[in-house]
Structure formats: C-alpha cells, structure tokens
Amino acid sequence: MGEHFFAESFDRGTLDSWVLSKAKKEDIDEDIAKYDGKWEVEDMKDSKLPGDKGLVLKSRAKHHAISAQLLRPFIFDTKPLIVQYEVNFQQGIDCGGAYVKLLSQTPDLNLDEFVDKTPYTIMFGPDKCGEDYKLHFIFRHKNPKTGEYEEKHAKKPDADLRTYYTDKKTHLYTLVVNPDNSFEVLVDQTVVNSGNLLTDMTPPINPAAEIEDPDDHKPEDWDERPKIQDPDAVKPEDWDEDAPKQIPDEDAVKPDGWLDDQPEYTSDPDAVKPEDWDEDMDGEWEAPQIPNALCETAPGCGAWQRPMIDNPNYKGKWKAPMIDNPNYQGVWKPRKIANPDFFEDLHPFRMTPFNAVGLELWSMSSDIFFDNFFITNERHTAERWANDGWGLKKAAEGAAEPGLVNQMMTAADERPWLWVVYVLTVAVTHWLGLSVCSVASQMYVKTVSFHLTMRAALPHLGVFHNGLSKSELCWLVSIAAAGKKSDAEDSPAEKEGEEEEEEEEEEEAAVNEEEEAATDQVRDSKASLGKHDVVCCDDKSELSTFVERAL
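Throughout the sequence shown, residue numbering follows the UniProt record's numbering, covering 1 to 551 in sequence.
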C-alpha cells in the first residue's frame, strides 16, 4: 500500500475504528442540538460493484459527526500532504456538505466530543446550497505573534462544479499541499484549482508591513475637486435661456383630404342603454365611443396642427465651463505607519499537526456515500490507491451507460452500409494485433479475478491495474464478425460483374477465417479463468453488453 497515515475502504463492513460523537452543538435549540444523524456501512443503492461498501450518511436535516484516529500524527515537514476520498450524492444534494476535517493534534482532543468548534488544521471537500457550488480548501493558520488562529480560504475554482453534485456518480476528491507552499485540488484526478498558500488565500497569510494611521484626519481645507467652474466666464449676451426646446414646423403643409370637420371617434350608433341603467345613480347615459369610419381612409381627422421639431436656437440654461482646479490636492489618504501586528511567515505549509479525520456535517439530503479515505505523503501511492478503488467504480459506472458500441450498432441497424465501414476498420486492427490481444485478454481477466478475491479478504491490500486496454481489440473483432453477418443478411450490396464478385468473396472468406480463429482462441482461454471470466459471444446484444463493460 505504501507510506500512509490513514486508509479506510469500509470493506470489513463495520465502524469499529470510528467514533460517533455524543456531544451537542452550542448556541442552538435543544431539539436539533444533538449529533444524532445516523451512519451506516453499506453498498451503494445502485452499486455496479457488489460487495464494495462505504460509509453512508443516512439522515436528513440532522447533525452528523463521526471521526477516526490516524495511524500516527501527520507532521508538516519535508514531504507533501495528500488527502483523498470518494463521494457519491446518491439522492442528489439540495443543501449540505460532504467535506472532511483533519483534526488538530491537541492535548484535549476527545473524539466523543467532536463538534463544529473542535479545532481542525484543514477542511476540504464539496459543499452546496441552492445554486452555490463550493469545493472548500480551508486551513487554520497560527499567528506567530499572538498565537491566535485564523481561517484562510483558497480562491474559488474556475471550473464548473455543477456536474459533480448532480450526476449521481462517484467522484474522487484529492487535495495536495506541497512543502514549497503550492497546492492542487483535483476532482477525478483532474486539477480544478491550484495556487500558492502565500499568494492565493483569503485573507492573506502575511499582513501588510504598513497600515493607514487610524489617528490621521483629512484637513478641513483639503480640496479634492479635480475640476471647477470657470469663475471668470460670462454668459454671452445673445444667450436666450427662455427659448423652447421644440417649435412648430413652419414648413409643414396639411395633407390633402384631411377631414377637419370629422372627429377621430364618434358615438356607437348601435349602442343601446342597458335596461338597468339608473340615471339618478349612474348619471346620464352616453353611447360608447368607436373609431370614426370616415377617418380610416383619410390622412387624418379633426383640427390639423403643425408637427413639432427641435428648435435650432435652443441653448437651455447657461453654465460656466469647467476648468482644471488650480488648488486640486488629490484624493486625501491617511498617512502610512508601520503595522504593529506585522509578521512574515514564509512557510505556511508548516501547519499544525493533525492526528484524526472527521466528518461533521448537516444535510437536507440523505444517503451521501463516502468511501476510500486515504492520507499519505507519497503522490504515487495515492494514485495507486485511487486506481484500485475509484478507478474500478469509474469503469463500472461508465460501462452501465449507453456507450459508443451501442451507438454504433444502433446506427448500423438504421444504416446497414455502416457495417462495411466497421468491418474494414476492425479488420486492419485485427490483422495487426490479434496475437497480442488474445494474451492481453487472458492476463487482464486473471488480474481482475485475483484482485476481487484479495480485495474481499484483505481490504487494505492494494492490487493495482490500469484497466482494460488491448482486450478491446478482440471484442471489436467479434463485432466485426457479427456485423459482416448482419450486413450479408440484411443489406446485401449489388455486385457489378462476376469477376469482382468472386474476388470480394475470396477476401471475405479469408477475413472470416481469421476472425473465427480469433474468436475460438479467446473462447478456449475462458474455460479455466473462474467466475469472473468474460465470455465471447456471437449474439449482438450479448456482445454489446460485454463491450460496454470493457470500454
């Protein structure tokens, strides 16, 4: 397994090494103060790896707290810190967290009394409420002058985090903090945030060397106006402040056919006073107004008026022009003085040692799945642990989704000529890699079988592998064989000339012989490989199922 300080896969199916908090939160109603949220060790509800257990937060709207001791305290010295674990929001997540706390090594640390105020060194992991998607990296920095601690928050990741909370897949969260003060935050082994403890934390590690003097005050005669009205300017004599902004257009002419004597609206001649109209109560009844039918074909009705236009002589109220202020002194700022609280910590990586890991959470969603906690100071060891745990889940979850092979086969059913393309492409691959493919398939099946057996017996024993690779070629060869058969049955191509047809039949027979030999070779190899073997199939639906797993 390599150098590590904590490793937990939950494959034993118990919480023997974990401690449930018996404490209560302070300053909160008694009804919700208890840490009485339930935890269970169980399979995921939609597990693609039966028997692969994890820690599950079971309760909604309750406080949860659980923790475990490290094998030994982690000391920040010359090696990096790598923390990683898996999370699956099986029911999605509305509002709640799935972050871990690395609990500081203190004389009075009592895991039975683990609460939100228990001192921690680092808090790391996903958190979400509403549309605010967070991925925390917070550490508590000790002020070397006062001894007080202050939380330092990493900048927000630039990556879009939404998918990790909504796709109901298992995601691997990794934090790497290096002795040179650099850090990386990864999701599924891809960096989503990085920076330096000295430059990318808020508030900064080190305070400013100088601060503004709190006792300095701006003088009353300090002039901050960059521009002022020209005191020597005089309004021109011809400046008419009373001229209107718009005037009638004297050049306008009334359109021909304008009906001056006709109103735009007229009383509706068909309107009848309602029977219940009471003139004493409702007043004198008048027929409703309707558009004048005569005006519909005329350019206009009623008294014609000249349209208004902008007044070329309009100037508005006169104001003196602005000039540079000869007395401008700039924006006043208090003078700088030496910061009495200044310090310089050039090695913030040297954080407070920690000796326990804990989950202290509140969530409006249940069934949050945690697995494969790992803390080490070796990057390659963490990667091997990730491949052994999360790598298997990723492969299994990916295989359960409609993949490339199903899409290809569906497309070929709709367009039979695509089988020709598939066959030609795979035939070349088959010719180049047949022998290597067969051996690789057998070796891979044996490796996975051995891994699953040992994983069940010894949860912390790492049997590492890199996933399917060359075995994909064999299955594509089988697809090609099935495809050619389908192509021949469902969509025969028209042949031109007897010579061309005979030549194609000879080539097809040769390819079929090679493909049958490859299929027989793989089928023969499966007999001795046990219950985890993969079976070569002739049926397209069976083939699709296996290849989806492989890919």
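Yeah, the Cβ is synthetic: ideal placement off N, Cα and C, and Gly gets one too.
Cα separation between residue i and residue j?
i    : j    : result
F354 : D221 : 57 angstroms
T170 : D341 : 46 angstroms
D216 : K168 : 58 angstroms
G97  : K134 : 9 angstroms
E344 : D29  : 42 angstroms
T376 : E3   : 6 angstroms
I337 : I205 : 20 angstroms
D52  : E42  : 8 angstroms
M364 : G130 : 11 angstroms
T14  : G391 : 23 angstroms
A233 : D240 : 17 angstroms
I75  : N178 : 13 angstroms
K218 : A159 : 45 angstroms
S189 : T381 : First, the residue type needs correcting, since residue 189 is Gln and not Ser in the sequence shown. Each residue's Cα considered, the two are about 13 angstroms apart.
K62  : S47  : 25 angstroms
E8   : N339 : 47 angstroms
L49  : F369 : 14 angstroms
S182 : L424 : 50 angstroms
A509 : Y165 : 52 angstroms
V253 : P307 : 10 angstroms
Once you ignore the five residues that flank residue i on each side, which residues in its own chain have a CB closer than 7 angstroms to its CB?
i    : result
A493 : Confidence at A493 is low in this model, with a pLDDT of 45, below 50, so its placement is unreliable and the value that follows should be read with caution. If we look at A493 and ignore the five residues flanking it on each side, it has no Cβ neighbours.
S59  : G37, K38, S366
H136 : Y99, M123, F124, G125, D127
F139 : T121, I122, K152, M351
N325 : D223, R225, P226, K227, I228
F10  : V41, K53, G54, L55, D371
T78  : P179
Between residue i and residue j, how many whole angstroms is the CB-CB distance? I'm expecting something under 8 angstroms.
i    : j    : result
V185 : L175 : 6 angstroms
K235 : M322 : The Cβ separation is near 15 angstroms, so there is no contact.
F6   : F349 : Between F349 and F6 the Cβ distance is about 19 angstroms, and since that is not below 8 angstroms, they are no contact.
F114 : E360 : 6 angstroms
P73  : Q105 : 5 angstroms
Y314 : Q289 : Their Cβ separation, rounded to whole angstroms, is 37 angstroms, which puts Y314 and Q289 out of contact at 8 angstroms.
V191 : L172 : Not really, about 13 angstroms apart at Cβ, beyond 8 angstroms.
G389 : D371 : 7 angstroms
C301 : N292 : 6 angstroms
G195 : K155 : 6 angstroms
If I measure Cβ to Cβ from residue i and keep anything under 6 angstroms in the same chain, skipping five residues before and after, which residues do I get?
i           : result
N193        : P157, V185
N274        : Reading the sequence as shown, one finds Pro at residue 274 and not Asn. Same-chain partners within the cutoff: there are none.
W18         : I66, A68
K24         : A33, K34
residue 583 : Since the first residue shown for the chain is 1 and the last is 551, residue 583 is missing from the structure and cannot be characterised.
K145        : F343
K45         : Q90
G257        : A298, P299
D268        : A287, P288, I290
P255        : P299
L20         : I66
K393        : T170
Under 7 angstroms from any heavy atom of the ligand PLP, does the C-beta of residue i make it?
i   : result
F76 : The ligand PLP is not part of the structure shown, which contains no ligands of any sort.
Enumerate in chain order the residues of its own chain whose CB-to-CB distance from residue i is below 8 angstroms, with the five nearest sequence positions on each side excluded.
i    : result
Q305 : P248
I309 : Q246, I247, P248, D249
D230 : A320, P321, M322, I323
R379 : P80, I82, V176
Y328 : D223, E224, R225, P226
Between residue i and chain D, is any beta-carbon pair separated by less than 8 angstroms?
i    : result
N196 : Although the question refers to chain D, the structure presented lacks it and comprises just one protein chain.
message: Using 8 angstroms as the cut-off, can you tell me whether the segment 66 to 85 makes contact with the segment 148 to 155, which would need three or more C-beta pairs spanning the two stretches below that distance?
response: no
task: May I ask you to verify whether the segment 73 to 93 touches the segment 323 to 333, counting CB pairs closer than 8 angstroms and requiring at least 3?
output: no
Those runs of the beta strand (DSSP E) which lie wholly inside the segment 240 to 297 and span at least 3 residues: 246 to 248, 265 to 267, 289 to 291
field: Residue ranges of each alpha helix (DSSP H) within the segment 129 to 193, 4 or longer
entry: 162 to 166
message: If we require 4 or more residues per run, which alpha helix (DSSP H) segments fall completely within the segment 15 to 49?
response: 30 to 33
message: Assess contact between the segment 368 to 385 and the segment 79 to 86, defined as three or more Cβ pairs (one per stretch) separated by less than 8 angstroms. Is contact present?
response: yes
query: What are the start and end residues of each continuous beta strand (DSSP E) run of 3 or more residues lying completely inside the segment 320 to 360, in chain order?
result: 322 to 324, 336 to 338
query: Below 8 angstroms, can you find three or more Cβ-Cβ pairs linking the segment 205 to 214 to the segment 104 to 112?
result: no
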